[in-house]
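Take the sequence shown: its letters are residues 3 to 296, numbered as in this note's numbering. Heads up, the thing below is written out as C-alpha cells.
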Amino acid sequence: MGPRELGLGSGASGHAARACAILGLRCRKRGARFTKLFDYHMHSTYSPDARSTLDEMCESAVRRGLAGVCFTEHVDFDPTDAAYGYINYKRYLSDVDRCRDKYGDRLDIKAGVEVTYQAEFADDIRDFLDTHRFDHVLGSVHLIDHVFVGSPSYFVGKSEAEACEPYWRETMSMARSGLFTRIGHLDYIKTRWPREYGPSGLDRWRGPMTDILQMVIESGAIIEVNTSAIRRQLGGPYPDWETLELYRQLGGSGVTMGSDAHNASDVGQYFPEVAARLERMGLAVRSECEALCP
Ligand SMILES: [Zn+2]
Ligand SMILES: [Zn+2]
3 MGPRELGLGS
13 GASGHAARAC
23 AILGLRCRKR
33 GARFTKLFDY
43 HMHSTYSPDA
53 RSTLDEMCES
63 AVRRGLAGVC
73 FTEHVDFDPT
83 DAAYGYINYK
93 RYLSDVDRCR
103 DKYGDRLDIK
113 AGVEVTYQAE
123 FADDIRDFLD
133 THRFDHVLGS
143 VHLIDHVFVG
153 SPSYFVGKSE
163 AEACEPYWRE
173 TMSMARSGLF
183 TRIGHLDYIK
193 TRWPREYGPS
203 GLDRWRGPMT
213 DILQMVIESG
223 AIIEVNTSAI
233 RRQLGGPYPD
243 WETLELYRQL
253 GGSGVTMGSD
263 AHNASDVGQY
273 FPEVAARLER
283 MGLAVRSECE
293 ALCP
C-alpha cells in the first residue's frame, strides 16, 4: 500500500527511518532502533473482539520498534454489548504488571481502557472511573440506540440526517461530559458510510465537528489519530486529515496515535508515516517516552 492509499499526500516517503529522522523522534538513550512512537490504542484477549494475548501484542510492538504501548481494553455499560461485564480488572492489571517485568527493558507498558460512551450510562461511567485506576482512559462512541455504528445495519432504513444527528449529539455529549482526557476515533460514523449518501468527510459534518472539537479543546482533552481507518482503506485515519487540520486551527494542542489493533500484526501500523505528516502539520504527537529518554 503506497502513500496515496494511506491518504498521506505526496510528501510522505513512508520509510520509517527517514520519517523518524524528520521528526527528531529517535531516542538516543535506547539506541537507533527505537523511536518515541507510542501506540495508545490496542486490544488484547481481555477484550471480547480481539485475538492476540498481551504478550503477543508486546512482542509485536518491540519488533516494530515502538517506545511504548497502552492497552485500551473495552469497557461497556450496555448489557446488550459483548464487552459488558467481560473484563476481570484485577487479572488484567496484574497481567500487565507481569508484562512490564518481562518486556519493561524494551517497552513502556501502560494499562488503560476504552470506555464506550452512552449518555444514558454517564453516571455509571463516572462511578466506574471514580473507583478504578488506569494509566489512560479513552472515551469513544460505538453505539447509538444500542446499535453498533460501525456496522452496515446501523444505516438501514435511515436518512443521512437520521443516521448522523444522533451520532454527533452523542459525541458532543461525551465531549461535554468531561469524563475523558482522550477522545477516540471521532469520525467513526464514516466506517460503513452508505454510498447513496454521497462521499463522506468533513464537508458533510463541519458544523457539528467544529462544535465538538471546540468542546474537546475547552475541556482540556486531546483527540487520538487512529490508524485503523487506513487499514480499512478509508483514505486516511480517524479523524480524517481535514478534521485534524481544523483541530489544529482551533487550538488543539496535540494528539496521541493509536492503531486500534485487535491483532498483534496491526500494532503500530502506519505510525512513522502518519506521525511525520502530523508533525509537518504542526500537531505534537504525544509520547510518554520523554520520561524514559530525557
Ligand atoms: Zn473504539
Ligand atoms: Zn478500540
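Positions of the beta carbon are idealized from the N, C-alpha and C atoms, including for glycine.
> Exposed or buried, what is K192 when buried is set at 16 or more other beta-carbons lying within 10 Å of its beta-carbon?
Replying inline: Numbered from 1 along the sequence shown, position 190 holds the residue referred to as residue 192. Result: buried.
> Which residue from R234, G256 and A231 puts its Cα closest to that of I225?
Replying inline: Within the sequence shown, residue 225 is the residue found at index 223, counting from 1. Per the Cα distances, G256.
> Going along the chain, which residues put their C-beta within less than 5 Å of some heavy atom in ligand 2?
Replying inline: E116 and D262
>> So, with DSSP's three-state summary, where would you put S179?
In response: Locating residue 179 in the sequence shown gives position 177, counting from the first residue. Here S179 sits in helix by DSSP.
>> So, under 8 Å CB-CB, V71 and I111 are touching, yes? Tell me the CB distance rounded to an integer number of Å.
In response: Position 69 of the sequence shown, counting from 1, holds the residue named residue 71. Position 109 of the sequence shown, counting from 1, holds the residue named residue 111. That pair is a contact at about 6 Å.
> If you scan the stretch 28 to 99 from start to end, which runs of the beta strand (DSSP E) of 3 or more residues do you find wholly inside it?
Replying inline: 40 to 44 and 70 to 77
>> Nearer than 8 Å: is that true of the beta carbon of G186 relative to any heavy atom of ligand 1?
In response: The residue labelled residue 186 in the question sits at position 184 within the sequence shown. Checking the Cβ of G186 against ligand 1 gives yes.
>> Quick test of your reading: V269 and M59, contact by CB under 8 Å. State the CB separation rounded to the nearest angstrom.
In response: Here residue 269 is taken as the residue at index 267 of the sequence shown, counted from 1. Here residue 59 is taken as the residue at index 57 of the sequence shown, counted from 1. Sure, about 6 Å apart at Cβ, within 8 Å.
> Can you list, in chain order, the residues of its chain whose CB lies under 7 Å from that of H148, leaving out five sequence neighbours each side?
Replying inline: On the sequence shown, residue 148 is found 146 positions in, with the first residue counted as 1. Around H148: D80 and T82.
>> Quick test of the definition: if touching needs 3 or more C-beta pairs under 8 Å, does the stretch 165 to 182 touch the stretch 37 to 54?
In response: no
> CB-CB under 8 Å to V64, same chain, minus the five flanking residues each way: which ones, in chain order?
Replying inline: As a position in the sequence shown, residue 64 is number 62, starting the count at 1. For V64, where only same-chain residues beyond five positions count, the Cβ hits under 8 Å are Y105, R108 and L109.
>> On the criterion of 16 or more Cβ atoms from any shown chain inside 10 Å, does M283 qualify as buried, or is it exposed?
In response: Within the sequence shown, the letter at position 281 stands for residue 283. Exposed: under 16 other Cβ atoms inside 10 Å.
> Taking Y94 as the reference, which of T133, F273, S161 and T47 has the closest Cα?
Replying inline: To locate residue 94, count along the sequence shown from 1; it is residue 92. Closest option to Y94, Cα to Cα, is T47.
> Are at least three pairs of beta-carbons, each pair with one atom in the stretch 150 to 158 and one in the stretch 114 to 121, less than 8 Å apart?
Replying inline: no
>> Taking only three categories from DSSP, how would you classify T173?
In response: For the purposes of this step, residue 173 is taken as residue 171 along the sequence shown, with counting starting at 1. In the structure shown, T173 sits in a helix (DSSP, three-state: H, G or I).
> What span of residues does the beta strand (DSSP E) with G256 cover, start to end?
Replying inline: Taking the sequence shown and counting its residues from 1, one reaches residue 256 at position 254. First-last of the beta strand (DSSP E) with G256: G256 to G260.
> Helix, strand or coil for I24 per DSSP?
Replying inline: Taking the sequence shown and counting its residues from 1, one reaches residue 24 at position 22. Per-residue confidence for I24 stands at a pLDDT of 35, beneath the threshold of 50, marking its modelled position as unreliable; the derived number appears in the next sentence. I24 falls in the helix class under three-state DSSP.
> Which value, in whole angstroms, describes the spacing of the CA atoms of W207 and D189?
Replying inline: Taking the sequence shown and counting its residues from 1, the one referred to as residue 207 is at position 205. Taking the sequence shown and counting its residues from 1, the one referred to as residue 189 is at position 187. Rounded to whole angstroms, W207 to D189 spans 9 Å at the Cα level.
> Are the beta-carbon atoms of R194 and G152 separated by less than 9 Å?
Replying inline: Position 192 of the sequence shown, counting from 1, holds the residue named residue 194. Position 150 of the sequence shown, counting from 1, holds the residue named residue 152. Yes, the Cβ-Cβ distance between R194 and G152 is below 9 Å.
>> Is any non-hydrogen atom of ligand 1 found closer than 8 Å to the C-beta of Y328, if you look at the structure I gave you?
In response: Not covered by the structure: residue 328. The range shown for the chain is 3 to 296.
> Does the beta-carbon distance from L145 to T173 come in below 9 Å?
Replying inline: As a position in the sequence shown, residue 145 is number 143, starting the count at 1. As a position in the sequence shown, residue 173 is number 171, starting the count at 1. Not in contact: L145 and T173 (Cβ atoms no closer than 9 Å).
>> Rounding to the nearest angstrom, what Cα-Cα distance links F150 and E164 in this structure?
In response: Numbered from its first residue, the sequence shown carries residue 150 at position 148. Numbered from its first residue, the sequence shown carries residue 164 at position 162. Spanning the two alpha carbons is a distance of roughly 15 Å.
>> According to DSSP, is S142 part of a helix, a strand, or is it coil?
In response: Against the sequence shown, residue 142 aligns to sequence position 140. In this structure, S142 counts as strand in the three-state DSSP scheme.
>> Less than 9 Å between the C-beta atoms of G260 and V227, yes or no?
In response: As a first step, residue 260 must be located in the sequence shown, where it is residue number 258. As a first step, residue 227 must be located in the sequence shown, where it is residue number 225. Yes.
> What are the residues that DSSP puts in a beta bridge with H228?
Replying inline: Numbered from 1 along the sequence shown, position 226 holds the residue referred to as residue 228. Before going on, a small fix: residue 228 reads as Asn here, not His. The partner list for N228 (beta bridge, DSSP) reads Y240 and G260.
> Whose C-alpha, out of Y91, Q271, T212 and G237, is nearest the C-alpha of G254?
Replying inline: For this step, residue 254 is matched to residue 252 along the sequence shown. Among Y91, Q271, T212 and G237, the Cα nearest to that of G254 belongs to T212.
> How about L140 and T74: do their beta carbons lie closer than 9 Å?
Replying inline: Against the sequence shown, residue 140 aligns to sequence position 138. Against the sequence shown, residue 74 aligns to sequence position 72. The answer is yes: Cβ separation under 9 Å.
> What residues match up with V115 in a beta bridge as DSSP calls it?
Replying inline: Position 113 of the sequence shown holds residue 115. Per DSSP, E75 and V139.
>> Taking its Cβ as the centre, do 16 or more other Cβ atoms sit within 10 Å of L252, making it buried, or is it exposed?
In response: Reading the sequence shown from its first residue, position 250 is the one you call residue 252. Per the 10 Å Cβ criterion, exposed.
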